[in-house]
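**Student:** Using the numbering used here, you'd call the opening residue of the sequence shown number 81 and step up by one each time.
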Amino acid sequence: MCGIVGVVDSRPDSTVDPAVITRMLKSIVHRGPDEAGTYDGGRVGLGTRRLKIIDLQGGHQPMSNEDNTVWVAFNGEI
Numbered sequence: 081m082c083g084i085v086g087v088v089d090s091r092p093d094s095t096v097d098p099a100v101i102t103r104m105l106k107s108i109v110h111r112g113p114d115e116a117g118t119y120d121g122g123r124v125g126l127g128t129r130r131l132k133i134i135d136l137q138g139g140h141q142p143m144s145n146e147d148n149t150v151w152v153a154f155n156g157e158i
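1. When the Cβ atoms of the stretch 113–131 are set against those of the stretch 97–105, are three or more pairs found closer than 8 Å?
2. Return yes when the Cβ of ASP120 is within less than 7 Å of the Cβ of LYS132, no when it is not.
3. For the alpha helix (DSSP H) holding ARG130, just list the boundary residues, first then last.
4. Using DSSP's beta-bridge definition, name the partner residues of GLU115.
5. Would you identify the three-state DSSP class for ILE108, choosing helix, strand or coil?
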């Protein structure tokens with residue numbers, strides 16, 4: 081099974097420290113030892129750990145739409 085982490089900071093003029101996402105991912109490395117990915121969006125940070133079972137070459141996350149305006153981290157298929 082994979083693992084997903086995230087932080088949202090709703091305070092004005094704040095940003096999520098990427099080191100926080102990195103520490104969170106290290107704490108769930110057992111959930112997905114094959115790959116890790118992060119997204120730093122200022123007040124939002126996402127991270128994923130992946131256990132490669134299906135779609136071994138693809139499936140990199142977090143993923144975005146074509147113009148990088150929408151980001152998502154999930155465990156499943158689209």
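C-beta atoms are modelled at their ideal positions from N, C-alpha and C, and glycine is treated no differently.
**Tutor:** Reading from the atomic positions:
1. yes
2. The residue labelled residue 132 in the question sits at position 52 within the sequence shown. The residue labelled residue 120 in the question sits at position 40 within the sequence shown. For LYS132 and ASP120, no; Cβs fall outside 7 Å.
3. Start at 1 with the first residue of the sequence shown, and residue 130 comes out as number 50. It is not in any alpha helix (DSSP H) - ARG130 instead sits in the beta strand (DSSP E) that spans 124–130.
4. As a first step, residue 115 must be located in the sequence shown, where it is residue number 35. GLU115 is bridged to ARG130.
5. The residue given as residue 108 occupies position 28 in the sequence shown. Looking at ILE108 - three-state DSSP - the assignment turns out to be coil, as it is neither helix nor strand.
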